[in-house]
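Q:
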């Protein structure tokens, strides 16, 4: 059965945590919140015109070379990122014995956006480069992919 792929944009719930497995493989993990919003007003201020209806949390892991690239990006809590990867559900038991489920993503790509400025701040710069983005590719083009993001091997012929 094929893995389910996912592409989403959300906010980091905390700074990503870098570690190394016992066999020396680098891995970076982070929680990412994706908010579903609905329009409730028309003042022209997005913070007042929309309210969050539901938040979905993903536990994202980057491995090997991509983990090293993510660690070098110095991402911070609240920063907006776009993630590509394979999603799977995992069951767990809470401290009080209840059953729970989590959505986990083994990421194959990431793109980071600058943190929002406080009111009166300087204009924002374009998004930071992400892993898997070709050198010289326009930063504003969301359809530009790079390298082997889909995880496919070379054809067997």
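Residue numbers (the working numbering): -11 to 145. Glycine included, C-beta positions come from ideal geometry on N, C-alpha and C. Note that the coordinates shown come from a computational prediction; the quantities given were computed from them, not determined experimentally.
When you compare the CB positions of residue 45 and residue 17, do they come within less than 9 Å of one another, or not?
A: No; because the gap between Cβ atoms is not below 9 Å, this pair is not in contact.
Q: Got a sec, what are the start and stop residues for the beta strand (DSSP E) residue 37 sits in?
A: Where residue 37 is concerned, there is no enclosing beta strand (DSSP E), although the alpha helix (DSSP H) it sits in stretches over 34 to 37.
Q: Can you tell me which residues form a DSSP beta bridge with residue 5?
A: For residue 5, which the question treats as bridged, DSSP gives the partners 17.
Q: Mark residue 67 as exposed unless 16 or more other C-beta atoms lie within 10 angstroms of its C-beta, in which case mark it buried.
A: That one is buried.
Q: Confirm, please, whether the CB-CB distance from residue 74 to residue 96 is below 9 Å.
A: It is a contact, given that the beta carbons lie within the stated cut-off.
Q: With three or more beta-carbon pairs closer than 8 Å as the criterion, would you say the stretch 32 to 39 touches the stretch -4 to 5?
A: Judged by Cβ distances under 8 Å, the stretch 32 to 39 makes no contact with the stretch -4 to 5, as fewer than three pairs qualify.
Q: Measuring only the C-alpha atoms, how far is residue -3 from residue 47?
A: Between residue -3 and residue 47, the C-alpha separation is close to 13 Å.
Q: Grab me the residues of residue -1's own chain with a C-beta within less than 6 Å of its C-beta, minus the 5 sequence neighbours each way, in chain order.
A: So the list reads 21, 66, 68, once near-sequence residues are dropped.
Q: With a threshold of 16 other CB atoms inside 10 Å of the CB of residue 60, please say whether the residue is buried or exposed.
A: So residue 60 counts as exposed.
Q: Which residue from 86, 13, 99 puts its Cα closest to that of residue 58?
A: Ranking the options by Cα distance to residue 58, first place goes to 99.
Q: Nearest-angstrom Cα distance between residue 23 and residue 1?
A: Taking the straight line from one Cα to the other gives about 12 Å.
Q: Helix, strand or coil for residue 52 per DSSP?
A: Residue 52 falls in the helix class under three-state DSSP.
Q: Considering only their Cβ atoms, is the gap separating residue 77 from residue 91 smaller than 9 Å?
A: Contact: yes.
Q: Hey, quick one: how far does the beta strand (DSSP E) through residue 62 stretch, first residue to last?
A: Looking at the DSSP string, residue 62 is not in any beta strand (DSSP E), and its letter there is neither H nor E.
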